[in-house]
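Participant: Numbering-wise (this note's numbering), the sequence shown opens with residue 371 and increments by one.
My questions all concern the structure below.
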Amino acid sequence: MLRYLITGATGFIGKELVSQIRKNGDSFDVITRNAKRAKEIFPDANKIHQVDLKKQVPQEDIFKDVDVVINLAGEFVFSLFGWTKSKKLSIYNSRVVLTRNLVKGVVSSGNSTVGIVSASAVGYYPQTEEKKILDEKSENGTQFLSGVCFDWENEAISATKLGIDVSIVRLGIVLGRQGGVIASLYWPFVLGLGTVFGRGTQWWSWIHVSDVVNLILFCAENRLKGIYNGVSVDPVMHKDFALTLAKSLNRGLYFKFPEFLLKLFMREMSSELLNSYFVKPHAILSAGFRFRFDNLNEALKNIFSRNVK
371 MLRYLITGAT GFIGKELVSQ IRKNGDSFDV ITRNAKRAKE IFPDANKIHQ VDLKKQVPQE
431 DIFKDVDVVI NLAGEFVFSL FGWTKSKKLS IYNSRVVLTR NLVKGVVSSG NSTVGIVSAS
491 AVGYYPQTEE KKILDEKSEN GTQFLSGVCF DWENEAISAT KLGIDVSIVR LGIVLGRQGG
551 VIASLYWPFV LGLGTVFGRG TQWWSWIHVS DVVNLILFCA ENRLKGIYNG VSVDPVMHKD
611 FALTLAKSLN RGLYFKFPEF LLKLFMREMS SELLNSYFVK PHAILSAGFR FRFDNLNEAL
671 KNIFSRNVK
């Protein structure tokens, strides 16, 4: 039985991860800024540690008897009217500074047998207009989130200098009913107000949340090391994504949101809707992982067939 220590456990992916950890018969601890809320969500957690990792290095004893640290923490990136300076700083600190302090805690604990699985994002890569394959060996981009991801990953990878196994999962657009892009788009599409952003020819590299969870646990259980793209094998153009989502909800797709308006209202952040990332998961496939959902239509059918509170 494995014992996990999780940051970001109360988030969209974190809750799904904990659910699967329970099913596997493993146990988990949680690091959080809000212990009261975490106790309500996870009454069966071994331990819940209240630590603001953006400001504090966790105490060494937190890592005692922990087999794998899973780092999912990070402030929500999207903001309706773009990124202010304070928002960008918060995005950075909630990933880079938090991971730096987390790794300091792991290293100071002396638990050299612990493994780390740390999230990143496909925003690491440069955006590409054409159908150019991006894999784990592709270069870093030059935009704001590319820099965040670069620093974020390096903070986690710094633990390898002390012999700690570290795997980085660069997540694409995570699909699930309880969070992420589906939660944001659900009601507009249900109300017939679904839209295509810009030209719609930008590539979206997506992944079902169940595959995210299984991929993370695959890295943890097999003590993988290195970079792994957390995306399905079949990226789609955004216009096809929007049309498939509309059809899954038995709705039409009638609107386009012009690129210039997105840039006007959302400024720099509009790039996260307009950028194109044709990413492939070569490394994790080579390691033996198999995706449950490699077709967008089937993934959305599964999501909307789930019983949702």
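Note that beta-carbon positions come from the ideal geometry of N, C-alpha and C, so glycine has one too.
Within a Cβ cutoff of 7 Å, which residues of the same chain sit near LYS679, ignoring the five residues on either side of it in sequence?
Facilitator: Numbered from 1 along the sequence shown, position 309 holds the residue referred to as residue 679. Any reading at LYS679 must be qualified, since the residue scores a pLDDT of 37, below 50, and its modelled position is unreliable; no value is offered.
Participant: Determine the contact status of VAL466 and TRP557, defining contact as a CB-CB distance below 8 Å.
Facilitator: Within the sequence shown, residue 466 is the residue found at index 96, counting from 1. Within the sequence shown, residue 557 is the residue found at index 187, counting from 1. It is not a contact, given that the beta carbons lie outside the stated cut-off.
Participant: Relative to the C-alpha of SER675, which residue among GLY546, VAL601, PRO605 is closest?
Facilitator: The sequence position of residue 675 within the sequence shown is 305, counting from 1. For SER675, the nearest C-alpha among the options comes from GLY546.
Participant: Is it true that the stretch 495-510 meets the stretch 524-535, where meeting means three or more beta-carbon pairs spaced less than 8 Å apart?
Facilitator: The stretch 495-510 vs the stretch 524-535: no contact.
Participant: Check whether the Cβ atoms of GLN420 and ALA405 sit closer than 8 Å, and answer yes or no.
Facilitator: Locating residue 420 in the sequence shown gives position 50, where the first residue counts as 1. Locating residue 405 in the sequence shown gives position 35, where the first residue counts as 1. The answer is yes: Cβ separation under 8 Å.
Participant: Spatial neighbours of GLY475 within its chain, please: C-beta separation below 8 Å, excluding the five flanking residues on both sides.
Facilitator: In the sequence shown, counting from the first residue as 1, residue 475 sits at position 105. Excluding sequence neighbours, GLY475 sits near VAL427, PRO428, GLN429, GLU430, ILE432, PHE433.
Participant: Compare the beta carbon distance of LEU632 and PHE567 with 8 Å and say whether it is the shorter of the two.
Facilitator: Taking the first residue of the sequence shown as 1, we reach residue 632 at position 262. Taking the first residue of the sequence shown as 1, we reach residue 567 at position 197. LEU632 places its beta carbon less than 8 Å from that of PHE567.
Participant: Taking C-beta to C-beta, are ARG540 and ILE486 nearer than 8 Å?
Facilitator: As a working note, residue 540 is residue 170 in the sequence shown. As a working note, residue 486 is residue 116 in the sequence shown. At a Cβ-Cβ threshold of 8 Å, ARG540 and ILE486 do not count as neighbours.
Participant: Give me the residue from LYS424, ILE543, LYS393, CYS589 with the minimum Cα distance to LEU655.
Facilitator: Within the sequence shown, residue 655 is the residue found at index 285, counting from 1. Closest option to LEU655, Cα to Cα, is CYS589.
Participant: Is the beta carbon of LYS650 less than 8 Å from the beta carbon of ASN584?
Facilitator: Position 280 of the sequence shown, counted from the first residue, corresponds to residue 650. Position 214 of the sequence shown, counted from the first residue, corresponds to residue 584. No, these two residues do not count as a Cβ contact at 8 Å.
Participant: Contact defined as beta carbons within less than 8 Å: I believe TYR374 pairs with ILE391. What is the distance between those atoms, to the nearest angstrom?
Facilitator: Here residue 374 is taken as the residue at index 4 of the sequence shown, counted from 1. Here residue 391 is taken as the residue at index 21 of the sequence shown, counted from 1. About 6 Å separates the two Cβ atoms, so the contact holds.
Participant: To which residues of the same chain is SER488 closer than 6 Å at the C-beta, ignoring the five residues directly before and after it?
Facilitator: Locating residue 488 in the sequence shown gives position 118, counting from the first residue. The answer, listed in chain order, is ASN441, ALA526, ILE538.
Participant: Going straight from the alpha carbon of ARG593 to that of LEU561, what length do you get?
Facilitator: What you label residue 593 is simply residue 223 of the sequence shown in a count that begins at 1. What you label residue 561 is simply residue 191 of the sequence shown in a count that begins at 1. Rounded to the nearest angstrom, the two C-alpha atoms are 45 Å apart.
Participant: Count the other C-beta atoms from every protein chain shown that fall within 10 angstroms of the C-beta of ARG660, then say buried if there are 16 or more, exposed otherwise.
Facilitator: Position 290 of the sequence shown, counted from the start, is the residue given in the question as residue 660. Exposed: under 16 other Cβ atoms inside 10 Å.
Participant: In this structure, does DSSP put ILE654 in helix, strand or coil?
Facilitator: Locating residue 654 in the sequence shown gives position 284, where the first residue counts as 1. Assignment of ILE654 by DSSP, reduced to helix, strand and coil, places it in the helix class.
Participant: So, under 8 Å CB-CB, THR571 and LYS609 are touching, yes? Tell me the CB distance rounded to an integer number of Å.
Facilitator: For the purposes of this step, residue 571 is identified with residue 201 of the sequence shown, where counting begins at 1. For the purposes of this step, residue 609 is identified with residue 239 of the sequence shown, where counting begins at 1. Approximately 7 Å separates the beta-carbon atoms of THR571 and LYS609; this is inside 8 Å, confirming the contact.
Participant: Does the separation of the CB atoms of VAL492 and GLY542 fall below 8 Å?
Facilitator: What you label residue 492 is simply residue 122 of the sequence shown in a count that begins at 1. What you label residue 542 is simply residue 172 of the sequence shown in a count that begins at 1. Against a cut-off of 8 Å, the Cβ pair of GLY542 and VAL492 comes out as a contact.
Participant: Using alpha carbons as the reference points, say which of LYS595, LYS617, ILE577, PHE627 lies closest to ALA669.
Facilitator: Here the question's residue 669 lines up with position 299 in the sequence shown. For ALA669, the nearest C-alpha among the options comes from ILE577.
Participant: Based on Cα-Cα distance, which residue from PRO605, ILE376, LEU643, ASN672 lies nearest to VAL438?
Facilitator: Indexing the sequence shown from 1 puts residue 438 at position 68. If we check each option's Cα against that of VAL438, ILE376 comes out closest.
Participant: Could you name each continuous alpha helix (DSSP H) segment of 4 residues or more that falls completely within the stretch 418-453, going from the start of the chain to the end?
Facilitator: none
Participant: Within the continuous alpha helix (DSSP H) that includes LYS626, where are the two ends?
Facilitator: Counting from one through the sequence shown, the residue named residue 626 turns up at place 256. From DSSP, LYS626 is part of no alpha helix (DSSP H) but of the beta strand (DSSP E) over 625-627.
Participant: Considering only the alpha carbon of each residue, which of PRO413, LEU468, SER449, SER646 lies closest to ASP422?
Facilitator: Position 52 of the sequence shown, counted from the start, is the residue given in the question as residue 422. Nearest option by C-alpha distance: LEU468.
Participant: For the stretch 523-553, which segments carrying the beta strand (DSSP E) assignment without a break, of at least 3 residues, lie completely within its bounds, in sequence order?
Facilitator: 535-541, 543-546
Participant: Taking the alpha-carbon positions, what's the GLY550 to ASP435 distance?
Facilitator: As a working note, residue 550 is residue 180 in the sequence shown. As a working note, residue 435 is residue 65 in the sequence shown. If you draw a straight line from the Cα of GLY550 to the Cα of ASP435, it comes to about 32 Å.
Participant: Under the rule that 16 or more other beta-carbon atoms within 10 Å means buried, what is SER516, buried or exposed?
Facilitator: Here the question's residue 516 lines up with position 146 in the sequence shown. Label assigned to SER516: buried.
Participant: Specify, as a first and last residue, the run of the beta strand (DSSP E) that ILE597 falls within.
Facilitator: Numbered from 1 along the sequence shown, position 227 holds the residue referred to as residue 597. Element bounds for ILE597: 596-600.
Participant: In its own chain, which residues sit with a C-beta less than 6 Å from the C-beta of ASP604, not counting the 5 before and 5 after it?
Facilitator: Sequence index remark: in the sequence shown, residue 604 carries index 234 (1-based). Around ASP604: ASP664.
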